[in-house]
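Engineer: Chains as they are written, first to last, in my numbering: chain H, -2 to 157; chain F, -2 to 157.
Glycine included, C-beta positions come from ideal geometry on N, C-alpha and C.
In this text the structure is predicted, and so the values were computed from the model without any measurement.
There are 2 protein chains.
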Amino acid sequence: MSGSGGPTALMKEALNANAQAVLEAVRSSHNHPTALEIYEAVRKVRPRIGVASVYRILHSLAQQGLIRELGRSDEACRYDGHIERHDHAICTTCGALLDLPVDVRLSEEALRMAAQAAGIELHSHEVRLYGQCAACRQKAQAEREQARQIAPDPGAAEAE
Amino acid sequence: MSGSGGPTALMKEALNANAQAVLEAVRSSHNHPTALEIYEAVRKVRPRIGVASVYRILHSLAQQGLIRELGRSDEACRYDGHIERHDHAICTTCGALLDLPVDVRLSEEALRMAAQAAGIELHSHEVRLYGQCAACRQKAQAEREQARQIAPDPGAAEAE
DNA sequence: CCTAATAATGATAATCATTATCAATATGCT
DNA sequence: AGCATATTGATAATGATTATCATTATTAGG
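#1: Under the rule that 16 or more other beta-carbon atoms within 10 Å means buried, what is residue 151 of chain F, buried or exposed?
#2: So what's residue 121 of chain H in DSSP terms, helix, strand or just coil?
#3: Can you tell me whether residue 80 of chain F is buried or exposed? The criterion is at least 16 other CB atoms within 10 Å of its CB, across all chains shown.
#4: Answer yes if the stretch 110 to 118 of chain F comes into contact with the stretch 81 to 91 of chain H, meaning at least three C-beta pairs across the two stretches below 8 Å, and no otherwise.
#5: Cutting at 6 Å between CB atoms, please list the residues of its own chain near residue 66 of chain F, excluding the five before and the five after it.
#6: Among H/107, H/116 and H/99, which residue has its Cα nearest to the Cα of residue 115 of chain F?
#7: Here's the rule I'm using: 16 or more other beta-carbon atoms within 10 Å means buried, otherwise exposed. How should residue 128 of chain H be labelled?
#8: Assign residue 30 of chain F to one of two classes, buried (16 or more other C-beta atoms within 10 Å of its C-beta) or exposed (fewer than that).
#9: I'd like the list of long-range same chain contacts for residue 126 of chain H, defined as Cβ closer than 6 Å, with 5 residues on each side in sequence excluded.
#10: Check for me: the beta strand (DSSP E) holding residue 64 of chain H runs from which residue to which?
#11: The beta strand (DSSP E) with residue 75 of chain F in it runs from where to where?
#12: Using a Cβ-Cβ cut-off of 9 Å, state whether residue 24 of chain F counts as contacting chain H.
#13: Of all the options H/54, H/35 and H/72, which has the alpha carbon lying nearest to the alpha carbon of residue 75 of chain F?
#14: Taking the C-alpha atoms as reference points, what is the distance between residue 51 of chain F and residue 72 of chain F?
#15: How big is the Cα-Cα spacing for residue 77 of chain H and residue 46 of chain H?
#16: Distance check for residue 107 of chain H and residue 102 of chain F, CA to CA, integer angstroms please.
#17: Which residue from F/130, F/138 and F/25 puts its Cα closest to that of residue 92 of chain F?
#18: Do you know how far the Cα of residue 48 of chain H is from the Cα of residue 33 of chain H?
#19: Residue 62 of chain F and residue 94 of chain H: beta carbons closer than 9 Å?
#20: Determine the DSSP secondary structure at residue 56 of chain F, reduced to helix, strand or coil.
Here you go:
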């Protein structure tokens, strides 16, 4: 327990060479690469890296907000019997997919312009809200309280 | 060639017992069930049905617009280096995922209300446009022309 | 510098959703 | 009935992702 203010495992901000290579690969690609495509790209720079590390790093980067993941597939495809157009809320913690009971209205004009800009023939659209659902918020809250009882304020003396 | 106006394989509108059971299962579920959950539910009514049929039927129903599928996972998860909020266009034919170069503006007010209605703590949002991308439109067009040359206007005498 | 403790890594196996295959069955027609 | 054709479902194959675990790198202490 040295007094050097040693960051043991909590300070993850600094990216190592592998993580930097992955981040670079994602940033320099202008389509939306899959994990395996990123793996192939990174391989050229860091030939010894394995898929597992790429996945680990991608998750870590996404969690730090340095990249974004589109279309989680750790969940299976889901089906919806409500075919009238409607929007969704997606819990970023548990992945729950909720119907929005109210429409997020947006202008036909803006939609048309956006579709034209992308070059697609617009058939439908959807608004997705991302955030933490009520259940996950409660659970996180409970865990925070419990953690406080076990290890009360580690590093409370830090500037904050 | 009987003159009974016989629908050989093109008239798929009428759903058979399996398809009806699947549709019923999707409609009666108020969460967003996965294919396997639907399979389990349908099994209770039609015990001899297999997973392959459930998947086939789900795709067919979705194609007919009777149900909707959320979060295709035939494609892998994709990553995006642009972390500033932006919207996407998704090709319903080839699954391509395109960044929208323009924002589809919508009111903060409406977003907040929708998030509250769903009970989530809003972190971010995204508009998704669904349609056919330029490449797929051209390909479909070409195929249509080719089909015309092979079988010119079958049933052109129909009322239309 | 050498060694022990610990964390990070990568090869490989396991898992899970989905799709393909193909023999068996059902359906329609004469 | 008897044949042609379409549908079905059991099972294997595929592909993405995750878990496991031995190996390797890193650090601290002597």
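Structural biologist: Inspection of the coordinates gives the following:
#1: Residue placement at residue 151 of chain F is poorly supported in this model, since its pLDDT is 49, which falls under 50; the coordinates are not used for a value here.
#2: Three-state DSSP puts residue 121 of chain H in a strand.
#3: Counting the other Cβ atoms within 10 Å of the Cβ of residue 80 of chain F gives fewer than 16, which makes it exposed.
#4: Three or more beta-carbon pairs drawn from the stretch 81 to 91 of chain H and the stretch 110 to 118 of chain F are found closer than 8 Å, and the two stretches are therefore classed as touching.
#5: Closer than 6 Å at Cβ, skipping near neighbours: 59.
#6: The alpha carbon of residue 115 of chain F has as its nearest neighbour, out of H/107, H/116 and H/99, the alpha carbon of H/99.
#7: With 16 or more other Cβ atoms within 10 Å, it is buried.
#8: Burial check for residue 30 of chain F: the Cβ neighbour count within 10 Å reaches 16 or more, so the residue is buried.
#9: So the qualifying residues of the chain are 86.
#10: Segment: none, residue 64 of chain H is in no beta strand (DSSP E) and carries neither H nor E.
#11: Element bounds for residue 75 of chain F: 75 to 77.
#12: Chain H, which has a Cβ nearer than 9 Å to the Cβ of residue 24 of chain F, makes this yes.
#13: The shortest Cα separation from residue 75 of chain F among H/54, H/35 and H/72 belongs to H/35.
#14: Going from the Cα of residue 51 of chain F to the Cα of residue 72 of chain F covers about 20 Å.
#15: In this structure, the alpha-carbon of residue 77 of chain H lies about 40 Å from that of residue 46 of chain H.
#16: The C-alpha of residue 102 of chain F lies about 7 Å from the C-alpha of residue 107 of chain H.
#17: Answer by Cα proximity: F/130.
#18: Between the alpha carbons of residue 33 of chain H and residue 48 of chain H lies a distance of about 8 Å.
#19: Going by beta carbons, residue 62 of chain F and residue 94 of chain H fall outside the 9 Å limit.
#20: In the three-state reduction of the DSSP assignment, residue 56 of chain F falls in the helix class, which pools H, G and I.
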